[in-house]
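Engineer:
Numbering (our numbering), first residue to last: 9 to 244.
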């Protein structure tokens, strides 16, 4: 019985030691993300979104498909096609169209206006144009890994932003393991989910699935022709 107990403890110790060996350092998880971003040219994915308004204790859910493409300029092009609620947010890297088909309205604004509103950091991380180690102070979450072994990062903007007080990212364990074994990032978009918190405690969580990176998304995906009969709402 004593030998069996010792053997069991020994096996458990070895297994625990193996787990610790496989766990990545914070810098390695960040490099997995940043090096992956550096190879990202375009991407499409399905997403589900959950927004919580803290003061009102109100929750909103959405879902749809998401496209991004790096252009030749500073900003990336992006497109959110929401199936629930039905709406579209499209940018060609200069202008942004926010289309509400059921209301027959489209809001048109310059992308620079979003950055002026403090959304620049949020857009940069999502479109792969930013460098998280440059823009954020980064640490592991209260639990470094979730039940699936994915890594949990907590990021605080170095420059205060009204649109973002804190960002939480879940990074694929497989992408990190690939980085550790090969010495380079093999996944251009290793983010499983992201949660943005604003200064008032409101949060928006986005989970990504069916991610397809660098498959050649055409630039035509990021233009918008305003339908006849739709009211144009200019912000300036």
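Glycine residues also receive a C-beta, built at the ideal position from the N, C-alpha and C atoms.
Source: prediction; values computed, not measured.
1) How close, in whole Å, do the beta carbons of residue 191 and residue 62 come, if the pair is a contact with beta carbons under 8 Å?
2) Taking contact to mean 3 or more Cβ pairs, one atom from each stretch, closer than 8 Å, check whether the stretch 220-230 and the stretch 102-116 are in contact.
3) Are residue 147 and residue 162 closer than 8 Å when you measure CB to CB?
4) Using 8 Å as the threshold, is the stretch 205-225 in touch with the stretch 34-42, meaning 3 or more CB pairs across them?
5) Can you grab the Cα-Cα spacing for the pair residue 29 / residue 187, in whole Å?
6) For residue 110, which residues of its own chain have a beta-carbon under 7 Å away from its beta-carbon, when the five flanking residues on both sides are left out?
7) Would you report the Cα separation of residue 24 and residue 169, rounded to the nearest angstrom?
8) Measuring straight from C-alpha to C-alpha, what distance separates residue 79 and residue 86?
9) If you reduce the DSSP assignment to three classes, tell me which class residue 231 lands in.
10) Is it buried or exposed, residue 243, if we count other Cβ atoms within 10 angstroms and call 16 or more buried?
11) Following the continuous beta strand (DSSP E) through residue 54, name the residue where it begins and the one where it ends.
Structural biologist: Judging by the given coordinates:
1) Contact flag wrong, Cβ pair sits at about 42 Å.
2) no
3) yes
4) no
5) Per-residue confidence for residue 29 stands at a pLDDT of 38, beneath the threshold of 50, marking its modelled position as unreliable; no derived number is given.
6) 94
7) Low confidence applies here, because residue 24 scores a pLDDT of 35, under 50, leaving its location unreliable; read the following figure in that light. Rounded to whole angstroms, residue 24 to residue 169 spans 41 Å at the Cα level.
8) 10 Å
9) coil
10) exposed
11) 50-61
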